[in-house]
Amino acid sequence: MARKFFVGGNFKMNGTIASIKEIVQNLNNATLDPNVEVVIAPPALYLLLVRDSIKNGVEVAAQNVWNKPNGAYTGEISVSQLKDSNINWTILGHSERRTILAESDEVVSSKTKFATENGVSVIWCCGESLAEREAGNTISVVSGQLEALKSQVSDWSRIVIAYEPIWAIGTGKVATTEQAQEVHAAIREWLKKEVSQKVADETRILYGGSVTEKNSKDLSKQPDIDGFLVGGASLKPAFVDIINSKQ
Ligand code: 13P
95 MARKFFVGGN
105 FKMNGTIASI
115 KEIVQNLNNA
125 TLDPNVEVVI
135 APPALYLLLV
145 RDSIKNGVEV
155 AAQNVWNKPN
165 GAYTGEISVS
175 QLKDSNINWT
185 ILGHSERRTI
195 LAESDEVVSS
205 KTKFATENGV
215 SVIWCCGESL
225 AEREAGNTIS
235 VVSGQLEALK
245 SQVSDWSRIV
255 IAYEPIWAIG
265 TGKVATTEQA
275 QEVHAAIREW
285 LKKEVSQKVA
295 DETRILYGGS
305 VTEKNSKDLS
315 KQPDIDGFLV
325 GGASLKPAFV
335 DIINSKQ
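Residue numbers 95 to 341, in the numbering used here, belong to the letters of the sequence shown in order.
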C-alpha cells in the first residue's frame, strides 16, 4: 500500500486571531495537491476558529492532549473535547515539551495510548539532541523513544511518526537528505523488527526541522521520507509550496 504523503504545520505558540485567519485564507485560496494529507496545528485557543474556517480536506490538530477522560487537570484539554470540536489529530512528544516541560517517554506514551484508543490520531515526535548525535547515539536514542511507545501502544494505525532532530528545529540547520533518510530507514527497520512488516510498510515517517520550500523537494525524494512536520515555515505563504513539493 502506498503511503499518502503527509504535511503537518505546527504553529507552536505563535499567531493572533488576525494572522491565523490570514493563514487559513491563504490555504483556502491555494490549490493543494489532493494526494497530500494536510494537518495544521494552531495553539489550542484557536483550534475552533481554524476548524470552522478551513476548507474541506485540511485537517486540524491540537499540539497536546491529556491522558484522562476529564476531571481536575487544570490547564489540560481532553480527547473527548477535541472530538466534540471535530478535531481528530494531536501532536504528542514534541521535543519542546519533552525538554522544556520535562515530559518523560512514559507520559508521552500514555498520552499517545489514550488518544489513539479513543479515536484521535497522533503525530508522535522523536529525535536526538546535538550532543547525542555527536556521540553517535542517534539511532539508539530514537529506538529508546520508540521502545517506550511500543510498551504502551498496540494500534499503530492512528500514529504518524515525526523524526525531528532537536539541533535542526528552528535553527535553519536542516538535516541533509542523507542524514534524514538514514534515520527514517532505521525507524522503518525498527518497526519491521519490533512491530510488523505491515506497520513498517504503512506508517508515515515525517521529517521535521527547518523545512522550507527550498529544501522540501529534495527531502521528499528520499524513499523513507513520507512528509514533513513544519514549524516556522507553516506560518508563511510558502507553506503551500512545501505541501505541493512532492513530485
Ligand atoms: P521548524 O520548522 O521551525 O524548524 O520547527 C520544526 C518543528 O519543531 C515542527 O514541529
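Backbone N, C-alpha and C define an ideal beta-carbon position, used for all residues, glycine too.
Fair warning: this is a prediction, and the values are worked out from it, not measured in the lab.
Determine the closest residue to residue i out of the options, with distance taken between C-alpha atoms.
i: R97; options: E296, P331, A332, K308; result: E296
i: W218; options: R192, E200, H188; result: H188
i: I181; options: I148, G303, K106, F99; result: I148
i: I253; options: K244, P259, P163, L126; result: K244
i: V305; options: T265, Y140, E226, G151; result: T265
i: I233; options: E197, W250, I281, K267; result: I281
i: P137; options: Q157, T193, P128, V235; result: Q157
i: A135; options: V334, G325, V289; result: G325
i: W250; options: V289, E228, V118; result: V289
i: T206; options: I194, E226, N309, I255; result: I255
i: K106; options: K308, Y140, L224; result: Y140
i: L176; options: A166, T168, G213, T193; result: G213
i: A142; options: V130, T168, L224, V118; result: First, the residue type needs correcting, since residue 142 is Leu and not Ala in the sequence shown. Ranking the options by Cα distance to L142, first place goes to V118.
Are the Cβ atoms of residue i and residue j separated by less than 8 Å?
i: Y301; j: L313; result: yes
i: C220; j: Q239; result: yes
i: G303; j: I263; result: yes
i: N104; j: I185; result: yes
i: V154; j: S172; result: no
i: A327; j: I336; result: yes
i: L323; j: E258; result: yes
i: F99; j: K340; result: yes
i: I299; j: H278; result: yes
i: I111; j: V144; result: no
i: A242; j: S215; result: no
i: S174; j: N164; result: yes
i: E200; j: R191; result: no
i: V152; j: G321; result: no
i: V293; j: L126; result: no
i: E226; j: V235; result: yes
i: Q275; j: I319; result: yes
i: N38; j: P331; result: Residue 38 lies beyond the stretch modelled for the chain, which goes from 95 to 341, so this question has no answer here.
Any idea which residues DSSP pairs residue i with across the strands?
i: K104; result: At residue 104 the sequence reads Asn, which differs from the Lys that was named. DSSP lists A135 as partners of N104.
i: V159; result: None, per the DSSP bridge assignment.
i: E153; result: V133
i: V324; result: G103
i: W261; result: Bridge partners of W261: none, in fact.
i: I217; result: I185, V254
i: I299; result: I255
Does ligand 1 have even one heavy atom less than 7 Å from the beta-carbon of residue i?
i: A280; result: no
i: G187; result: no
i: S304; result: yes
i: N104; result: yes
i: E258; result: yes
i: A327; result: yes
i: L313; result: no
i: G321; result: no
i: I263; result: yes
i: V254; result: no
i: V159; result: no
i: V132; result: no
i: V324; result: yes
Compute every distance between the C-beta of residue i and the non-hydrogen atoms of ligand 3, then say whether any falls below 7 Å.
i: P163; result: Absence of ligand 3 from the depicted structure is noted, with ligand 1 being the only ligands included.
*Do the region 315-332 and the region 266-284 meet, that is, are 3 or more Cβ pairs less than 8 Å apart?*
Counting Cβ pairs under 8 Å, three or more are found: they touch.
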